Amino acid sequence: MGLNFARRAVLLVAALGGLVLAPTAASAAPPQPDGDVGVFVVGGTRAASGEFPFMVYLGGCGGSLIRPNVVLTAAHCVGRTGASTSYTARAGSVDRNSFPYSVRSTYVYSGYDVSADGDFALVKLASSIPLTTIAYNTNAANNSGTFTIMGWGATREGGSGSRYLLKASVPFVSDSVCGTNYRRAGYSFSDSEMLCAGPISGGTDTCQGDSGGPMIKTVNGTPVQVGVVSWGRGCARANYPGVYTEVSTFASAITAALARLP
Ligand code: ARG
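For the sequence shown, the UniProt record's numbering gives the first residue as 1, with consecutive numbering after it.
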């Protein structure tokens, strides 16, 4: 129990506005009050101010600043390509209610489909945000080890989001384990386009509202975005890790899209 709690504690709040990490119902421990703001976080800790400067809140989804004026998010968060003023990006604080930036247009990856293959999109801002961007992963060798997830999403399956950014550490899960489990349960799973992470015993995960946010890995002291929060069966359930868009697979598509953004 103590171990489980410690693991959950890692989950919490980090920085800006979008993702929520959910602790799992299966391993539910009593919620721990968040001393500062009265929200309950399942097993997490709040991100420190400035810890994830690239983290963006997109009103119900997360995103990451990959260029001073471009946010990488999930396709299922924005839905279509074209001019758009229906989103506001918020960045620069762990509080999701801070610093609004206007959106100019969105680009949804052309290969995105209903089974969530290629679940990424770009959001172009009307102006640049003076914050540190994050590199998107171009090297598949980075797709293993321990990752960090973050967001303003639900703190438990079926729960509500967090005002303050939460973060957690999650282990890589191989396609052979993750893909097999999901396929057996009737889900469509693409080994090359999806990257899984989360303890196989459950308890730590992203959840609804965290979509579009980054999963990162520290490579030689620098954060690199290896995943985009995409989907999962419930949240933080045993044997069903979080599923992330495998960024390295789409790195050249992201680069090409950046060059063509309206
Ligand atoms: N699709 C969800 C969203 O729109 C994210 C789900 C992530 N689920 C998970 N178990 N990791 O916010």
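Every residue gets a Cβ at the ideal spot worked out from N, C-alpha and C, and that includes glycine.
Predicted model only: the values in this text are computed from it and were never measured.
Candidates the options: which alpha carbon is nearest residue i's?
{"i": "residue 329", "options": "Pro262, Arg163, Gly234 and Asp175", "result": "Since the displayed the chain opens at 1 and closes at 262, residue 329 lies outside it and no answer follows."}
{"i": "Ser252", "options": "Ala140, Gly213 and Val173", "result": "Ala140"}
{"i": "Phe172", "options": "Val114, Thr204 and Pro53", "result": "Thr204"}
{"i": "Thr45", "options": "Thr148, Asn137 and Gly221", "result": "Thr148"}
{"i": "residue 294", "options": "Asp119, Glu157 and Gly151", "result": "Absent from the structure is residue 294, since the part of the chain shown begins at 1 and ends at 262."}
{"i": "Val70", "options": "Val177, Arg80 and Ala121", "result": "Ala121"}
{"i": "Glu246", "options": "Ile200, Phe189, Ser102 and Gly209", "result": "Phe189"}
{"i": "Ser211", "options": "Leu58, Gly50, Ala47 and Glu51", "result": "Leu58"}
{"i": "Thr249", "options": "Leu258, Leu125, Lys217 and Asp119", "result": "Asp119"}
{"i": "Cys178", "options": "Tyr101, Val229 and Ala238", "result": "Ala238"}
{"i": "Tyr107", "options": "Asn97, Phe99 and Val123", "result": "Val123"}
{"i": "Arg80", "options": "Tyr109, Asn97, Gly62 and Ser102", "result": "Tyr109"}
{"i": "Phe99", "options": "Gly82, Met55 and Tyr112", "result": "Met55"}
Do residue i and residue j have their C-beta atoms within less than 7 Å of each other?
{"i": "Gly198", "j": "Val224", "result": "no"}
{"i": "Ala116", "j": "Trp231", "result": "yes"}
{"i": "Leu195", "j": "Tyr244", "result": "yes"}
{"i": "Pro53", "j": "Ile129", "result": "no"}
{"i": "Ser105", "j": "Pro262", "result": "yes"}
{"i": "Cys235", "j": "Glu157", "result": "yes"}
{"i": "Gly161", "j": "Ala168", "result": "no"}
{"i": "Ala89", "j": "Leu125", "result": "yes"}
{"i": "Val94", "j": "Ser49", "result": "yes"}
{"i": "Thr146", "j": "Ile66", "result": "no"}
Please name the residue or residues paired with residue i in a DSSP beta bridge.
{"i": "Leu195", "result": "Tyr244"}
{"i": "Val56", "result": "Gly63 and Ala91"}
Measuring from the CB of residue i, is there a heavy atom of ligand 2 at a distance below 6 Å?
{"i": "Arg80", "result": "Here the bound small molecules are ligand 1; ligand 2 is not part of this structure."}
In chain order, which beta strand (DSSP E) runs of at least 3 residues are fully inside the segment 94 to 180?
At a cut-off of 3 residues, the continuous stretches assigned as beta strand (DSSP E) that sit fully inside the segment 94 to 180 are 100 to 108, 121 to 125, 146 to 151 and 166 to 173.
Ignoring anything shorter than 4 residues or poking outside the segment 204 to 241, list the alpha helix (DSSP H) runs there in chain order.
List check, alpha helix (DSSP H) in window: nothing returned.
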